[in-house]
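Colleague: One structure is given below, represented as structure tokens, and several questions about it will come after.
Number of protein chains: 2
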Amino acid sequence: MSRAVVLLSGGLDSATAAAWAQAAGFEVAALSVDYGQRQACELEAARRVAAHLGLGEHRLVSVDLRAIGGSALTADLDVPKDRPEIGGDVPVTYVPARNTVFLALLTGFAEVLGACDLVIGVNAQDYSGYPDCRPEFLRAFEEVARLGTRAGAEGTRFAIHAPLLHLSKAGIIRLGASLGVDHALTLSCYDPPAPFVHCGHCDACRLRRAGFAEAGLPDPSAYAPVAG
Amino acid sequence: MSRAVVLLSGGLDSATAAAWAQAAGFEVAALSVDYGQRQACELEAARRVAAHLGLGEHRLVSVDLRAIGGSALTADLDVPKDRPEIGGDVPVTYVPARNTVFLALLTGFAEVLGACDLVIGVNAQDYSGYPDCRPEFLRAFEEVARLGTRAGAEGTRFAIHAPLLHLSKAGIIRLGASLGVDHALTLSCYDPPAPFVHCGHCDACRLRRAGFAEAGLPDPSAYAPVAG
Numbered sequence: 003m004s005r006a007v008v009l010l011s012g013g014l015d016s017a018t019a020a021a022w023a024q025a026a027g028f029e030v031a032a033l034s035v036d037y038g039q040r041q042a043c044e045l046e047a048a049r050r051v052a053a054h055l056g057l058g059e060h061r062l063v064s065v066d067l068r069a070i071g072g073s074a075l076t077a078d079l080d081v082p083k084d085r086p087e088i089g090g091d092v093p094v095t096y097v098p099a100r101n102t103v104f105l106a107l108l109t110g111f112a113e114v115l116g117a118c119d120l121v122i123g124v125n126a127q128d129y130s131g132y133p134d135c136r137p138e139f140l141r142a143f144e145e146v147a148r149l150g151t152r153a154g155a156e157g158t159r160f161a162i163h164a165p166l167l168h169l170s171k172a173g174i175i176r177l178g179a180s181l182g183v184d185h186a187l188t189l190s191c192y193d194p195p196a197p198f199v200h201c202g203h204c205d206a207c208r209l210r211r212a213g214f215a216e217a218g219l220p221d222p223s224a225y226a227p228v229a230g
Numbered sequence: 003m004s005r006a007v008v009l010l011s012g013g014l015d016s017a018t019a020a021a022w023a024q025a026a027g028f029e030v031a032a033l034s035v036d037y038g039q040r041q042a043c044e045l046e047a048a049r050r051v052a053a054h055l056g057l058g059e060h061r062l063v064s065v066d067l068r069a070i071g072g073s074a075l076t077a078d079l080d081v082p083k084d085r086p087e088i089g090g091d092v093p094v095t096y097v098p099a100r101n102t103v104f105l106a107l108l109t110g111f112a113e114v115l116g117a118c119d120l121v122i123g124v125n126a127q128d129y130s131g132y133p134d135c136r137p138e139f140l141r142a143f144e145e146v147a148r149l150g151t152r153a154g155a156e157g158t159r160f161a162i163h164a165p166l167l168h169l170s171k172a173g174i175i176r177l178g179a180s181l182g183v184d185h186a187l188t189l190s191c192y193d194p195p196a197p198f199v200h201c202g203h204c205d206a207c208r209l210r211r212a213g214f215a216e217a218g219l220p221d222p223s224a225y226a227p228v229a230g
């Protein structure tokens with residue numbers, strides 16, 4: 003059974019990507035990153051998801067991206083709520099070079115485990131706004147992983163799997179349900195008002211809510227009560 | 003005056019690379035990485051070098067690569083001493099995907115500062131043993147930086163400068179001396195027996211010593227006394 007390494011954020015996309023990798027026959031080792039994110043409770047969600055899926059290994063790496071800043075998720079900037087339009091421009095929740103940092107860490111993790119399959123739950127909805135979710139970025143990173151590692155120098159070709167790349171949020175939710183993902187364990191919110199409570203108004207919450215509605219599946223998330 | 007960001011480890015290569023960038027007319031901002039390295043006192047060397055060069059900005063980012071391990075610098079493995087031959091194979095001091103992680107962080111730092119010039123002190127002696135110091139790796143990373151950032155999506159072309167790439171250690175030492183680098187502030191050792199003391203026997207110490215000898219310049223480093 004060959005091993006794959008998966009970035010596990012605690013959100014529903016990465017949980018589905020991990021379940022996909024298991025279903026495809028990989029022995030899955032997950033990596034979560036504590037990067038100083040505002041929504042740090044997603045790391046507890048990642049632990050719950052890893053336990054629920056029965057992953058053999060779940061590693062946590064810390065990198066203090068607050069020292070670099072430049073994002074509403076890592077600096078003292080407001081997370082936008084109820085934006086009229088999601089997608090198109092790069093939102094203030096973009097974290098400079100975040101997926102480049104994450105994939106670099108995942109590459110190191112893969113190399114230590116002797117894995118050459120990297121899995122990331124990015125998707126079309128993401129890459130409309132976040133440059134580091136685009137397919138051409140992922141292809142370029144495969145080349146960096148090959149050239150920048152001992153394993154690559156010895157002949158390993160790293161593959162970055164993005165099994166959700168062309169799915170809508172509703173499609174991801176349906177796929178996750180088919181694969182047995184317990185969506186209640188996942189957390190999408192950028193700005194949770196309390197642990198495991200979704201604010202309901204940031205881009206991530208709105209995409210999540212709309213996704214469940216479109217998929218015709220019940221949304222098991224706890225949402226903050228409407229103020230006033 | 004345009005800005006460049008430089009990886010500053012505290013060693014003589016990165017100090018020389020920073021001085022090169024200043025001499026080339028860049029306003030230099032430095033990034034040092036606390037990655038859980040055995041030789042953590044090199045970060046104090048980096049601070050001294052940054053102050054000595056009068057850099058306007060020196061940022062420290064922490065990433066715990068011990069959580070990934072796989073290297074004599076980040077795990078409980080011995081640093082080889084007095085190896086019969088340096089170069090050729092990838093040494094146990096190779097840290098999985100280290101320069102990929104470092105360049106990812108440097109890219110994020112550049113993006114936040116609005117810089118597109120990245121400077122790294124890798125050189126021929128390094129890339130004989132470390133895959134992530136090879137010129138083709140650096141070229142591939144430029145593409146990742148372009149594709150994986152907001153700045154890149156908006157048209158920025160990132161350039162990775164490796165001004166020492168084809169220099170020997172002696173050449174780097176001579177260049178540093180010409181540019182006013184105070185070599186006494188730098189630390190090369192992988193396994194310092196005391197803060198700011200070089201062991202004299204790891205690959206890094208031996209290359210440093212031989213470099214000063216070949217350059218015909220006095221070696222200002224403190225070396226541990228010979229045991230016995």
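Protein chains in written order, with the working numbering: chain A, 3 to 230; chain B, 3 to 230. We treat Cβ as the ideally placed atom computed from N, Cα and C, and that holds for glycine.
(1) Taking all protein chains shown into account, do 16 or more other C-beta atoms lie within 10 angstroms of the C-beta of A/P133, making it buried, or fewer, making it exposed?
(2) Here's a check: name, in chain order, each residue in its chain whose Cβ is nearer than 6 angstroms to the Cβ of B/V30, leaving out the five neighbours to either side.
(3) Short of 6 angstroms in beta carbon distance, which residues of its chain neighbour A/G230, apart from the five on each side in sequence? Order them along the chain.
(4) Quick one: give me the first and last residue of the alpha helix (DSSP H) that B/I175 is part of.
(5) Pull up the CB-CB distance for B/E17 and B/V51, whole angstroms please, since I reckon it's below 8 angstroms.
(6) The alpha helix (DSSP H) that contains A/R208, what's its start and end?
(7) Closest to B/R211 by C-alpha separation, out of B/A164, B/Q39, B/E156 and B/C191, would be which residue?
(8) Mind pulling the beta strand (DSSP E) runs of 3 or more residues that sit fully within the segment 63-149 of chain B?
(9) Once you ignore the five residues that flank B/R159 on each side, which residues in its own chain have a CB closer than 7 angstroms to its CB?
(10) Can you tell me the Cα-Cα spacing of B/T102 and B/I88, whole angstroms?
(11) Could you confirm whether any beta carbon from chain B is found closer than 8 angstroms to the beta carbon of A/V7?
(12) Mind checking which residues open and close the beta strand (DSSP E) that includes A/V199?
(13) Cα separation between B/H200 and A/V114?
(14) Using the three-state DSSP reduction, which class does B/R159 fall into: helix, strand or coil?
(15) Name the two residues that bound the continuous beta strand (DSSP E) containing A/V51.
(16) Would you kindly work out how many angstroms separate the C-alpha atoms of B/S180 and A/V94, rounded to a whole number?
(17) Kindly give me the distance between the Cβ atoms of A/H163 and A/V121, rounded to whole angstroms, as I take these residues to be in contact under 8 angstroms.
(18) Grab me the residues of A/L140's own chain with a C-beta within less than 7 angstroms of its C-beta, minus the 5 sequence neighbours each way, in chain order.
(19) If contacts are defined as beta-carbon pairs under 8 angstroms, then B/A47 and B/L187 qualify, I think. What distance do you get, rounded to the angstrom?
(20) Using DSSP bridges, identify the partner residues of B/R5.
(21) Could you check whether the Cβ of A/A52 sits closer than 8 angstroms to any Cβ belonging to chain E?
(22) Would A/N101 pass as an interface residue toward chain B - the criterion being a Cβ-Cβ separation below 8 angstroms?
(23) Any beta-carbon of chain A closer than 8 angstroms to the one on B/Y225?
(24) Taking C-beta pairs closer than 8 angstroms, name the residues in chain A that B/R152 reaches, listed in chain order.
(25) I'd like to check one pair, B/V97 with B/D193: are the Cβ atoms closer than 8 angstroms?
(26) Ordered along the chain, which non-local residues of its own chain (more than five positions away) have a Cβ less than 6 angstroms from that of A/S223?
(27) When you compare each of B/D15, B/D78, B/M3 and B/A42 to B/F198 by their alpha carbons, which one comes out closest?
(28) Is the beta carbon of A/Q39 sitting closer than 8 angstroms to the one on A/L79?
(29) Identify, in the order they occur along the chain, each residue of the same chain with its Cβ nearer than 7 angstroms to the Cβ of B/T85, setting aside the five sequence neighbours on each side.
Modeller: Answer, in terms of the structure:
(1) buried
(2) A6, V8, A20, A23, Q24 and L57
(3) Confidence at A/G230 is low in this model, with a pLDDT of 48, below 50, so the placement of that residue should be treated as unreliable; the coordinate-derived value is given next. Here the set comprises nothing.
(4) K171 to S180
(5) Checking the sequence, you will find Ala at residue 17 of chain B rather than Glu. Going by Cβ atoms, the distance from B/A17 to B/V51 rounds to 5 angstroms, so yes, they are a contact pair.
(6) D205 to A217 is the extent of the alpha helix (DSSP H) around A/R208.
(7) B/C191
(8) 119-121
(9) C118 and R148
(10) 23 angstroms
(11) It does not; no Cβ of chain B falls within 8 angstroms.
(12) From DSSP, A/V199 is part of no beta strand (DSSP E); its letter is neither H nor E.
(13) 29 angstroms
(14) coil
(15) Per DSSP, A/V51 belongs to no beta strand (DSSP E); it is in the alpha helix (DSSP H), E44 to L55.
(16) For B/S180 and A/V94, the distance between alpha carbons rounds to 44 angstroms.
(17) 5 angstroms
(18) I162 and A164
(19) A Cβ-Cβ distance of about 6 angstroms is found for the pair B/A47 and B/L187, placing them in contact under the 8 angstroms criterion.
(20) B/E29
(21) The structure shown contains no chain E; the protein chains it does contain are A and B.
(22) yes
(23) B/Y225 does not count as touching chain A.
(24) V92, Y96, P98 and P133
(25) For the pair B/D193 and B/V97, the CB atoms are not nearer than the 8 angstroms cut-off.
(26) Cβ within range, chain order: H200.
(27) B/A42
(28) no
(29) Note that residue 85 of chain B is Arg in the sequence shown, not Thr. Answer for B/R85: D205, listed in chain order.
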